[in-house]
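Scroll down for the structure; my scribbles are underneath it.
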Amino acid sequence: MHAKITLRMISSLITSDRDRFIWDTEIAGFGIKHTRVGSVIYIVQSRLSGKLRRYTIGRHGAPWTPDKARREAINFLGRIANGEDPGEAKRKRRRAPTVAQICDLYLKEGCELKKPSTIESDIGRIRRHINPLLGSRRMEDIKRRHIEKFLLDVANGKTAIDTKTGLRGRSIVTGG
Numbered sequence: 154m155h156a157k158i159t160l161r162m163i164s165s166l167i168t169s170d171r172d173r174f175i176w177d178t179e180i181a182g183f184g185i186k187h188t189r190v191g192s193v194i195y196i197v198q199s200r201l202s203g204k205l206r207r208y209t210i211g212r213h214g215a216p217w218t219p220d221k222a223r224r225e226a227i228n229f230l231g232r233i234a235n236g237e238d239p240g241e242a243k244r245k246r247r248r249a250p251t252v253a254q255i256c257d258l259y260l261k262e263g264c265e266l267k268k269p270s271t272i273e274s275d276i277g278r279i280r281r282h283i284n285p286l287l288g289s290r291r292m293e294d295i296k297r298r299h300i301e302k303f304l305l306d307v308a309n310g311k312t313a314i315d316t317k318t319g320l321r322g323r324s325i326v327t328g329g
């Protein structure tokens, strides 16, 4: 279906039993996806290297209005015309390693010259402090403020734990 995408047109949409695509009559490749549950998502569709690509601009509502989404679609289409793939940055970000993955790599490959007792200490610090507080973050997202907050949290006992480790063993982690 083709129509000029406006606030009035979006507010008049009626939900159906399947997703629908409505393409703008002003800008080729700009449109909306109207989902079964009634959500409206602004999209851009274009060919890049012979393959049809569809990019999501954003969900209707603050901050996305039809006019703002239209301007962003023009930006997307201009980048595509220059041979750039706007989705590549997103895919690259998804593939970027997390802190936990880098720590696993360190334990696997970076401990060859260390004493076993030092490796045990490193494993303990990684499992008890680093992974719980920073492990899910992407390495490229880590900033100085994250490290400062991490150090404060560890010192203040945010990762404190008291666990039984064996028949007579006990691990008491209070901070560091």
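The opening residue of the sequence shown carries number 154 in this note's numbering; numbering runs sequentially from there.
Just so it is clear, CB atoms sit at the ideal spot from N, CA and C, and this is done for glycine as well.
Because the structure is a prediction, the values reported are computed rather than measured.
query = Apart from the five residues just before and just after ARG232, which ones in its own chain have a Cβ nearer than 6 Å to its Cβ?
reply = PRO239
query = Measuring CA to CA, which of SER169, ARG223, SER164, THR251 is closest to ILE283?
reply = THR251
key: Residues that DSSP places opposite ARG291 in a beta bridge   = THR251
ask   = Are three or more beta carbon pairs between the segment 258-270 and the segment 283-293 nearer than 8 Å?
value = no
query = Just to confirm, are PRO219 and ILE163 a CB contact at a threshold of 8 Å?
reply = yes
Outcome for SER199 when other beta-carbon atoms lying within 10 angstroms are tallied against a minimum of 16 = buried
query = Sorted by chain position, which residues of the same chain lie with C-beta nearer than 7 Å to ILE196's C-beta, five sequence neighbours on each side aside?
reply = GLY184, ILE185, LYS186, ARG207, TYR208, THR209, ILE210
task = Would you tell me roughly how many angstroms separate the C-alpha atoms of CYS256 and GLY203, rounded to the nearest one?
result = 40 Å
ask   = For the candidate residues GLY182, SER169, THR159, ASP177, whose alpha-carbon lies nearest to that of THR188?
value = SER169
ask   = Near LEU260, which residues of its chain fall below 8 Å by C-beta distance, leaving aside the five closest residues on each side in sequence?
value = ILE272, ASP275, ILE276, ILE279
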